[in-house]
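To start, the structure itself, in structure tokens.
Protein chains: 2
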Amino acid sequence: MFFSRLELDRDKSRALYLQVADHLRQRIESGDLASETRLPASRVLAKQLGVNRVTVVNAYAELEAEGLVTTRVGSGTYVTGPHQSHAPDEPPPIPVRLGSSQPRRHWDAGHMMTEMMRLARQPGVISFAAGTPASEFIPVNEFRRAINDVLRRDGAEALQYEEAAGYFPLRDSIAELLQAQAIEVKASDILITAGCQQAVDITLRVLARSEHSALVVEEPCYLGLLDLLSSRRITPVGVPMDEQGLRVDQLEQIILRHRPSLIYVTPNFHNPTGITMPLGRRQALLEIAARYGVPILEDTTYDELYYDHQPLPTLKSLDTAGIVFQAGGFSKTLVPGIRIGYLVAPSQLQERLVATKQTTDILTSPLNQRALHAYLESGHFPIHLKTVRDAYRTRRDAMLAAMQQHFPLEACWRCPAGGIYLWVEMPQHGPTATELYLTAINYNVAFSIGSVFSAGGYFAHALRLNFAGCPPDEIEEGIRRLGKAWKELLARSNTLVEPRPASVHIL
Amino acid sequence: MFFSRLELDRDKSRALYLQVADHLRQRIESGDLASETRLPASRVLAKQLGVNRVTVVNAYAELEAEGLVTTRVGSGTYVTGPHQSHAPDEPPPIPVRLGSSQPRRHWDAGHMMTEMMRLARQPGVISFAAGTPASEFIPVNEFRRAINDVLRRDGAEALQYEEAAGYFPLRDSIAELLQAQAIEVKASDILITAGCQQAVDITLRVLARSEHSALVVEEPCYLGLLDLLSSRRITPVGVPMDEQGLRVDQLEQIILRHRPSLIYVTPNFHNPTGITMPLGRRQALLEIAARYGVPILEDTTYDELYYDHQPLPTLKSLDTAGIVFQAGGFSKTLVPGIRIGYLVAPSQLQERLVATKQTTDILTSPLNQRALHAYLESGHFPIHLKTVRDAYRTRRDAMLAAMQQHFPLEACWRCPAGGIYLWVEMPQHGPTATELYLTAINYNVAFSIGSVFSAGGYFAHALRLNFAGCPPDEIEEGIRRLGKAWKELLARSNTLVEPRPASVHIL
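Protein sequence lines correspond, in order, to chains B and P. Okay, so the first sequence: first residue is 13 according to our numbering, each after it adds one. Okay, so the second sequence: first residue is 13 according to our numbering, each after it adds one.
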């Protein structure tokens, strides 16, 4: 056993994972844990210490970010030697190294998120954590009919390879949907992707090709983008937001300093904040991006989920300079499980984008593309969207009402005009959203912590709540539990004792 | 009009695209075409010159690779200035630049391939070019039944988000298939991907993270890998093949010189050569890779398509060092259009691979995963495989017989023990496969030229023929046409006149 008794101070203000990391760091630096020592598997150590595995994983990630440990393929986490040296012609060491330069964020956010999601899925937990739309509105029967129609009509053709750019009639249907939004677009300008995420990935592959690329993001920003940037070692440059979205007044300076490859922005019903960018700000953004020749990637994932008024014109529809890429999809509005999104790019780039799509996964399932096309042609989509909007508006309002009733007075939020998220801010001087999460999970309620959405490590005192995924009575119950957890945490924090040294006993 | 008359010398041994490039290069270098001049769109110039668009595209790519022209978003191809200079604080030029550092191969191969594929799909053309399996064996009805069963059983759950790693019962079914091949694997070791290509892409994202990564490939090699490496700026280091596959005796030196992140290899029924690596060579490969700690990515796409004897043990099944990644799929053996493949990796890496999968497209269609699972559980798969093997064996033999009858005596090939490709070599001193292609397309027959499969620009005198995609009578007719085109080309080459200066008249 690695630790006979590492007594963690559960009431201390220092996070548990940092306590574990502190202890290991001390032992590594003192030489007690020698270079090449294998640390226990995270599951094993978590069990020994009686903590969540996420705690150990984060402790190891902390040490890896500091260069004190390294992870190896098929092997485990090892203590890094203080001065590793290999003669240049010596073969590299065995077992295979993964490289210890895994960016820290990848673990801090993506990994923590995965673990939190796992906790959130435990039975009995009411979860506002995921970005999942409500299952009850997915038109299962209409899709079953569409698939059957397609297979009867097209037979094996629907299951064979085809153009990487996508099934032309679907591209045409999507072009029509976009033309209705005053976007000048032809079917041939549209690339079908495996969901909106892949549209973003492919755009980055083409525009941010170098490791030294920088990308402008909203601060906070969609987690899936930050993880993608991290995994591709692209530097996200966060621009603060105000109640009108990205602070365009700060953009010029950032462009001049960082020479970004791209500006990524979600003007409608932003994830995670729910903020909508007004028309004037959109025009200012386009103007400055065009002036400096920086392309914009506009994410329209939530555009059709508006509750108060029709959405404002997209950046793409206002783009006269030919610099806007638009990524959209059907996962949040219609059905996540067929994995279909699209990318509209300046025409000149279309061939290169299609070639890039082909290198990632050859093509998107032609069966699913054809089924979506058949569904869109059936005329059900506008009716479906109205149903979903009505239901989500009701849920949003139910959550707002419950928050008003159950949350402590310190909580602060804004009503989003669309989308599926509510962003709640906690006071800066009090406990963090992570602490609230760990308290709340004992009350069987979960959410997303704000800091996972931050490029710069901010928003430790914010939480994101998905109001769309649960029916109103569950929302009411979940918010009641969360309010209770929050109040309990506040009561605990107020009786916080002074930090004292961790009591650690080692075998 | 850009050229009033650029007279191309169609009988010359210099390729047409090089003639076009030569002419443009001369005009750029002489200053006749000034910096920032926009070249005509490739479609327009191709029409003017009466050549295939692929010719112009390749001419521009040639010049782009030489740094003489550059492509810009939404704009076109422009002559690059001889000495571009911008003061450091000056904003970048407008319109948006795509970067002129697009690797040359991307255009030379991937793009040429796309254009050739387009030609090959014209009506009346018998095509041996694509990597497509035969449509007539795709079990459409069984899949329709499987999808309906799944939707009836799981409802909206089959269309909702789920674990990025994949639908667990499918991972379990695949683990069983692999266990039957003596691979020690659990369901949790398997990551479901959007086809085998994505399994390769994800492995590269994790193991070859740096732009300076090098990757060992067979020479020649799967085109989709080379395009992927090119788009990610990873350097492919080709190792020659002999009739036993990758020359392992040359590997040590290459590893020491290039320190590759990974060795990519297709031991069974290699694409494009059809070669199978014998057991002794497999063991030698594993031994040397383990000694130097270089992971191996084994592509098993064609493993189930064996015609003469059961396939040899996979590298994964022989791997005692925990260094083999195995990528496989169902596109060539069962159904391309549901886009499902898988990756088996050393367990320690599983979490990181799943996180990476999530950044690329969140998850693979759960509906398609569940349908494949239901199909595999139905017990039809082994029967289907036997049907396909029998049919493809007949097609292979029909193609071999037709080649024997119709090809010129100079042609040279080997009988593949499996897979779907025949690799044919032309004499080094004669016309190239590209010239043969351009002659053959007039006879309404198409194939893939060897050089697109080469990391180092070799195999200009080789062609790849897919024998699986057409029924035997079409194979016989297509090979007859190809033989005729080949003989015509040989007759033409023998009367070749000496090169003379291109006759170019400019407006």
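Note that the Cβ used here is the ideal one computed from N, Cα and C, for glycine as well. All figures in this text were calculated on a predicted structure; none of them were measured in a lab.
Kindly indicate if chain P contains any beta-carbon less than 7 Å away from that of V212/B. no
Taking contact to mean at least 3 C-beta pairs separated by less than 8 Å, is the segment 416 to 436 of chain B in contact with the segment 123 to 138 of chain B? no
If we define contact as Cβ-Cβ less than 7 Å, is R156/P a contact residue for chain B? yes
When Cβ atoms are compared, which residues of the segment 286 to 313 of chain P fall closer than 8 Å to chain B? A302, R303, Y304, G305, V306 and P307
Listed by chain order, chain B residues near G481/P by CB distance under 8 Å: Residues of chain B passing the Cβ test: none, with the nearest at roughly 10 Å.
Considering only their Cβ atoms, is the gap separating G257/P from L287/P smaller than 7 Å? Going by the sequence as given, residue 287/P is Ile instead of Leu. Yes, they are a contact pair.
Contact set between V229/B and chain P, taken where Cβ atoms lie within less than 7 Å: Near V229/B there are no residues of chain P at all, since even the closest Cβ is about 15 Å away, more than 7 Å.
Whole-number beta carbon distance between G481/P and F419/P, since they are thought to touch under 8 Å: Going by Cβ atoms, the distance from F419/P to G481/P rounds to 19 Å, so no, they are not a contact pair.
Residues, ordered as in the chain, of the segment 378 to 405 of chain P that lie near chain B by beta-carbon distance below 8 Å: P378, L379 and N380
Which value, in whole angstroms, describes the spacing of the CA atoms of E500/P and G178/B? 38 Å
Could you compute how far the alpha carbon of S460/B sits from the alpha carbon of T144/B? 12 Å
Could you tell me the alpha carbon to alpha carbon distance between D184/B and D213/B, rounded to whole angstroms? 23 Å
Over the uninterrupted beta strand (DSSP E) stretch that includes R165/P, give me the two end residues. Not the beta strand (DSSP E): R165/P falls in the alpha helix (DSSP H), residues V152 to D166.
Would you kindly work out how many angstroms separate the C-alpha atoms of I308/P and I275/P, rounded to a whole number? 5 Å
In whole angstroms, what is the alpha-carbon distance linking R37/P and I159/P? 56 Å
Looking only at DSSP bridge pairs, what is P252/P linked to? E231/P
Chain B contact for I246/P (CB, 7 Å cutoff): no
I want to check one thing, is the minimum distance from the CB of G305/P to the heavy atoms of the ligand GTP below 6 Å? Ligands are entirely absent from the displayed structure, and the ligand GTP is therefore not among its contents.
Return no unless some Cβ of chain B is closer than 7 Å to the Cβ of P103/P. Reliability fails at P103/P, whose pLDDT of 28 lies under 50, so the model's placement of it is uncertain and no value is given.
Using three-state DSSP, classify E316/B as helix, strand or coil. coil
Alpha-carbon to alpha-carbon, R217/B and T371/P: 13 Å
Does any C-beta atom of chain B lie closer than 7 Å to the C-beta of S147/P? yes
What is the DSSP secondary structure of Q193/P, counted as helix, strand or coil? coil
My output table needs one value for A458/B: the three-state DSSP class, helix, strand or coil. strand
Note the first and the last residue of the continuous beta strand (DSSP E) segment covering D311/P. I308 to D311
Quick check on R504/P: does DSSP put it in helix, strand or coil? helix
Could one say the Cβ of Y29/B lies closer than 7 Å to chain P's Cβ atoms, at least one of them? no
Assign T247/B to one of three DSSP states: helix, strand, or coil. strand
In the DSSP assignment, what residue or residues form a beta bridge with V356/P? I202/P and Q338/P
With 7 Å as the threshold, decide whether the Cβ of D184/P is near any Cβ in chain B. no
Are the Cβ atoms of Q347/B and L182/P separated by less than 7 Å? The identity of residue 347/B in the sequence shown is Val, whereas the question assumes Gln. No.
Taking only beta-carbon positions, decide if P5/B is within less than 7 Å of chain P. In this structure chain B extends from 13 to 519, so residue 5/B is not present and cannot be described.
Is T345/B near E316/B, with beta carbons less than 7 Å apart? yes
For the segment 168 to 179 of chain B, which residues have a CB atom closer than 9 Å to at least one CB atom of chain P, in sequence order? A168, E169, A170, L171, Q172, Y173, E174 and A176
Could you pull out every residue in the same chain whose Cβ sits closer than 7 Å to the Cβ of A220/P, ignoring the five residues on either side in sequence? L227, I246, S273 and L274
Buried or exposed by the 16-neighbour rule on C-beta atoms within 10 Å, applied to P284/B: buried
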